[in-house]
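Please read the structure below before turning to the comments.
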Amino acid sequence: METDPRIDSFDYRTELLSPAATAQVVTATREPSWQLNMDGFRLPERHMNSEFGCRYFFKTIRRLKKVAAYYKRQENILKGFDEVDKFADSGFLPETLTEDEEKQLARSESIAIYASNIANVVIFIAKLYASAESRSLAVIASTLDSLLDLLSGFILWFTSYAMKNPNHHRYPIGKNRMQPVGIVVFASVMATLGLQILFESGRQIIAKIALYTISNWSKTVMENVWSLIGRTAPPEYLAKLTYLIWNHNKEIKHIDTVRAYTFGCNYFVEVDIVLPEDMALGQAHDIGETLQEKLEKLPKVERAFVHVDFDTTHKLEHKPKIP
1 METDPRIDSF
11 DYRTELLSPA
21 ATAQVVTATR
31 EPSWQLNMDG
41 FRLPERHMNS
51 EFGCRYFFKT
61 IRRLKKVAAY
71 YKRQENILKG
81 FDEVDKFADS
91 GFLPETLTED
101 EEKQLARSES
111 IAIYASNIAN
121 VVIFIAKLYA
131 SAESRSLAVI
141 ASTLDSLLDL
151 LSGFILWFTS
161 YAMKNPNHHR
171 YPIGKNRMQP
181 VGIVVFASVM
191 ATLGLQILFE
201 SGRQIIAKIA
211 LYTISNWSKT
221 VMENVWSLIG
231 RTAPPEYLAK
241 LTYLIWNHNK
251 EIKHIDTVRA
261 YTFGCNYFVE
271 VDIVLPEDMA
281 LGQAHDIGET
291 LQEKLEKLPK
301 VERAFVHVDF
311 DTTHKLEHKP
321 KIP
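For the sequence shown, full-length UniProt numbering begins at 1 and goes up steadily by one.
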């Protein structure tokens with residue numbers, strides 16, 4: 001099998017990133033690095049003033065908004081690259097909590113959940129007694145609302161309890177998807193109740209409340225459904241992953257595939273990298289394993305899979321089973 005001699009050369013990554021690839025002038029004072037470096041990239045200044053006056057500005061307001069959105073995306077990408085550089089140097093992102101801070105946050109969340117559930121139980125008992133004594137429809141409706149608060153609190157407590165008690169034999173990849181599933185179940189119940197109220201009610205005010213309930217909880221259902229069906233990550237996040245992968249090790253010659261898709265609240269990441277064909281198995285394994293560990297340290301990554309290959313000319317190895 002014939003291979004490109006440039007790919008097998010030790011300085012391939014240096015040649016790829018060298019200024020000599022696009023210009024004839026080479027600076028001899030600084031050796032080009034095999035890593036990507038975003039320090040030299042600067043966004044141009046955005047000039048919003050126009051000499052044509054307000055009329056021209058209002059005619060081009062849509063174009064200006066698109067340009068502003070484009071620069072905002074580029075700015076976010078550069079910020080993401082800067083976060084990756086800091087992560088490579090320190091081993092954690094700037095906003096990442098320490099172990100003690102995570103324990104303190106979990107303790108505070110548990111106290112808040114228990115306090116909320118106790119308060120909801122007390123309020124529900126009081127409203128239940130008031131409903132039995134007054135037989136007022138308004139009080140009964142308020143009692144049912146408190147019952148729904150209890151139901152939502154119970155679902156959140158149950159999913160949190162289940163996630164904290166994993167069973168790696170029955171659930172090898174954990175129970176983190178129980179939270180969006182619980183939210184989908186509760187939101188579906190709320191949307192169904194709102195639809196039933198809309199059908200049964202003839203009053204305009206109650207109908208508007210039902211429409212608000214249906215639209216609000218239907219939106220919640222769709223948000224959690226998207227997180228369960230494996231929707232891809234935004235391009236900015238994929239660019240950040242690609243930047244991290246390329247700067248991981250100078251022996252990486254190509255990045256064949258970078259995928260990130262939702263699987264619950266976080267992402268599953270799949271990466272295919274190309275290493276030299278004559279590299280020792282142990283060295284290739286260490287590069288792939290350290291890259292996997294680095295990816296899984298990112299806050300939004302639940303699991304990462306790194307596949308090591310020696311060329312990019314092969315056919316697709318894994319085809320989805322589509323009926």
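Glycine included, each C-beta is placed from N, C-alpha and C at the ideal position.
CB of residue i within 8 Å of CB of residue j, strictly
i           : j           : result
residue 311 : residue 271 : no
residue 284 : residue 308 : yes
residue 269 : residue 228 : no
residue 302 : residue 261 : no
residue 64  : residue 243 : no
residue 245 : residue 298 : no
residue 143 : residue 128 : yes
Proximal residues to residue i (C-beta, below 6 Å), its chain only, five neighbours per side dropped
i           : result
residue 177 : 264
residue 329 : Nothing can be reported for residue 329: it is not among the residues displayed for the chain, which extend from 1 to 323.
residue 76  : 236
residue 295 : 269, 301, 304
residue 306 : 271, 288, 291, 292
Alpha-carbon spacing of residue i relative to residue j, whole angstroms
i           : j           : result
residue 126 : residue 153 : 18 Å
residue 106 : residue 287 : 34 Å
residue 278 : residue 81  : 31 Å
residue 138 : residue 219 : 27 Å
residue 78  : residue 189 : 42 Å
residue 215 : residue 183 : 15 Å
residue 226 : residue 185 : 14 Å
residue 251 : residue 104 : 41 Å
residue 276 : residue 34  : 16 Å
residue 145 : residue 120 : 10 Å
residue 230 : residue 163 : 20 Å
residue 123 : residue 132 : 14 Å
residue 66  : residue 72  : 10 Å
residue 160 : residue 180 : 11 Å
residue 87  : residue 110 : 30 Å
residue 102 : residue 112 : 15 Å
residue 85  : residue 232 : 24 Å
residue 254 : residue 108 : 45 Å
residue 100 : residue 165 : 20 Å
residue 324 : residue 130 : The structure shown does not extend to residue 324, since the chain is modelled only from 1 to 323, so the question has no answer here.
residue 62  : residue 256 : 37 Å
Own chain partners of residue i with C-beta closer than 7 Å, once the 5 adjacent residues on each side are dropped
i           : result
residue 313 : none
residue 249 : 287
residue 238 : 258, 260
(request) For the region 272-319, list the beta strand (DSSP E) runs that are entirely contained and at least 3 residues long, ordered along the chain. (result) 301-309
(message) Quick check: the region 138-152 against the region 115-124, are at least 3 beta-carbon pairs closer than 8 Å?
(response) yes
(request) Give, in chain order, every unbroken run of the alpha helix (DSSP H) that is at least 4 residues long and sits entirely within the region 214-270. (result) 235-246
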